[in-house]
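K.L.:
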Amino acid sequence: MVRKRPNILVTGTPGTGKTTTSSALAEATQLCHINVGDLVKAKNLHDGWDDELDCYIINEDLVCDELEDTMEGGGNIVDYHGCDFFPERWFDLVVVLQTDNTVLYDRLTRRGYSESKLSNNIECEIFQTLLEEAKESYPQDIVLPLKSNSIQDISTNLSTLTEWIRRWQPST
Ligand code: DAT
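In this note's numbering, the protein residues as written are -5 to 166.
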């Protein structure tokens, strides 16, 4: 089925600004913001709690089944700190938000992350884990890394993405 509106994945390490960016973009463009973390909690799409990693053990198959029909319709902004388990065909653009370590450290400390969760996530950002994951999972030409250090970056990114959506054409 040909989508009339694009689907965009917004990914990146926790704290890089996925939810802030996605919700503002959804508001500006009338696309639908899907926060996968919230969906997993609300619909129990997990296999319990991982004490060591201090997060839900997401059930990727249940998440993909839950989203399939919605994604087929197009017009979605999917917000999640992972990207390798979604079907490649779902997305027209994969945005990877990136934040400098010191800035990210402060944001995650404010969030009250434990020492180990903090260092796992800072390491994830240092090694550009999400960018590598996106490049391995999607065609290179749809992967767009964007800096997300400041409020100014958010507004620049919103302009870039709003313009991208405006120009997007369904493939025939
Ligand atoms: P994520 O959804 O990636 O976990 P978030 O959108 O919840 O991140 O943002 C985490 C916190 O950082 C939140 O308090 C908003 C702030 N923030 C996010 N992006 C920012 C940016 N580019 N400049 C300044 N603050 C930002």
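A virtual CB, placed ideally from N, CA and C, is assigned to each residue, including glycine.
Just so you know, these numbers come straight off a predicted model, no measurement behind them.
Per DSSP, what kind of secondary structure is Leu39 in: helix, strand or coil?
P.N.:
Note: Leu39 maps to coil in three-state DSSP.
K.L.:
Would you give the residue range spanned by the alpha helix (DSSP H) that Ile120 belongs to?
P.N.:
Taken as a continuous stretch (DSSP letters only), the alpha helix (DSSP H) holding Ile120 covers Glu109 to Ile120.
K.L.:
Mind checking Lys12: buried by the 16 CB within 10 Å criterion, or exposed?
P.N.:
Its Cβ being crowded by 16 or more others within 10 Å, Lys12 is buried.
K.L.:
Pick from Thr7, Tyr107 and Asp78: whose alpha carbon is nearest that of Val57?
P.N.:
The shortest Cα separation from Val57 among Thr7, Tyr107 and Asp78 belongs to Asp78.
K.L.:
Tell me which residues share the same chain as Glu130 and place their Cβ nearer than 8 Å to its Cβ, disregarding the 5 neighbours each side in the sequence.
P.N.:
Hits under 8 Å: Asp78.
K.L.:
With DSSP as the reference, label Leu138 as helix, strand or coil.
P.N.:
Leu138 falls in the strand class under three-state DSSP.
K.L.:
Thinking Leu125 and Asn115 are a contact (beta carbons under 8 Å), I'd like their distance in whole angstroms, please.
P.N.:
About 15 Å separates the two Cβ atoms, so there is no contact after all.
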